Amino acid sequence: MSAIGFIPTRILPAPLAVVSAAIKLAQTGELFRNIGISSLRAISGFLLGGSIGFGLGLLNGISPIAEKLLDTSLQMLRNIPNLALIPLVILWFGIGDEARLFLVSLGVMFPIYLNTFHGIRSVDHGLIEMGKIYGLNTWGLFWRIILPGAMSSILVGVRFSLGIMWLTLIVAETIAADSGIGYMATNAREFMQTDIVVLSILIYALFGKLADIVAKALENYWLQWNPSYLKG
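According to UniProt numbering, the sequence shown is numbered sequentially starting from 1.
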């Protein structure tokens, strides 16, 4: 509708204008540079937060004592909105990439923590006892029974976290950023360049879809043994 003048271009640009903006930014190298920087931030935050979430979920899932000591504090922290933490994060880390890494890591940590914890706790105790009868030691029980039994739940957390990763990055890149997709959108907003703003939104959407495809591929690979994931 914007292409035929029904909607003003300052509200919603024409599709060709968005494509033209993408081509111009690609020619200058700015588009790929900002995409690369945002991707690095997202992946780094996911790996850090995901590792911490997995470790805490594993610890609390296996040890009732650890659960009593840690879970209440983690649940309180989980319910604090990321936006509310931004002033404190700036005081802690300044406005550099450390602040963005912290916010992304925090965002992805909890879905993986919760799903790992519940996945470990939902493993059939009968299978664990059977493993002991067959002579499996602690590591054997973990690798052959507990982790495979919890994998379905863990991967649900991974899939959710991959989506949260980009949502959190959008917020994180509004903190006085000088690079990244969020910076590109914020800078374009200042100059009323709605074509670049829409382009940035589309890039986030495409990366979100790509993250979901990766999560599905991981599920199909790691859960080949599960009847629910067998391909007919």
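Glycine included, every Cβ here is placed at the ideal spot set by N, Cα and C. Predicted model, so just to flag it, every value in this text is computed and none were measured.
In this structure, Ser-152 places its C-beta atom within 8 Å of the C-beta atom of Leu-223. Counting C-beta pairs with one atom in each stretch, the stretch 114-132 and the stretch 173-189 have fewer than three that are closer than 8 Å, which means they do not touch. For Leu-47, the closest C-alpha among the options Ile-170, Val-158 and Asp-71 is that of Val-158. In this structure, Trp-166 lies away from Ala-99, with their beta-carbon atoms at least 8 Å apart. A contact is defined here as three or more CB-CB pairs under 8 Å, and the stretch 103-115 meets this definition with respect to the stretch 38-53.
One thing to note: Gly-163 has its Cβ no nearer than 8 Å to the Cβ of Leu-127.
Unbroken alpha helix (DSSP H) stretches of 4 residues or longer found wholly inside the stretch 118-149: 125-133 and 138-141, given in chain order. DSSP places Met-151 in the helix class (H, G or I) of the three-state scheme. Taking the Cα positions, Leu-103 is about 44 Å away from Gly-135. If you draw a 10 Å sphere on the C-beta of Ile-35, you find 16 or more other C-beta atoms in it, and that means buried. Following the DSSP letters along the chain, one finds Phe-191 in no alpha helix (DSSP H), marked with neither H nor E. Contact between Ile-112 and Gly-50 holds: CB atoms are separated by about 5 Å, below the 8 Å threshold. DSSP places Asp-178 in no alpha helix (DSSP H); its state is neither H nor E. Our two residues, Gln-27 and Asp-71, have alpha carbons roughly 50 Å apart in a direct line.
Per the C-alpha coordinates, the member of Leu-101, Leu-155, Trp-139 and Asp-178 positioned closest to Thr-168 is Leu-101. For Ile-86, same chain residues with a beta-carbon under 7 Å away, outside a window of 5 residues either side, are Ile-175 in chain order. Residues Leu-59 and Asn-60 of the same chain have their beta carbon placed closer than 6 Å to that of Ala-66, with the five preceding and five following residues left out of the count.
CA-CA distance, Thr-194 to Val-89, rounds to 30 Å.
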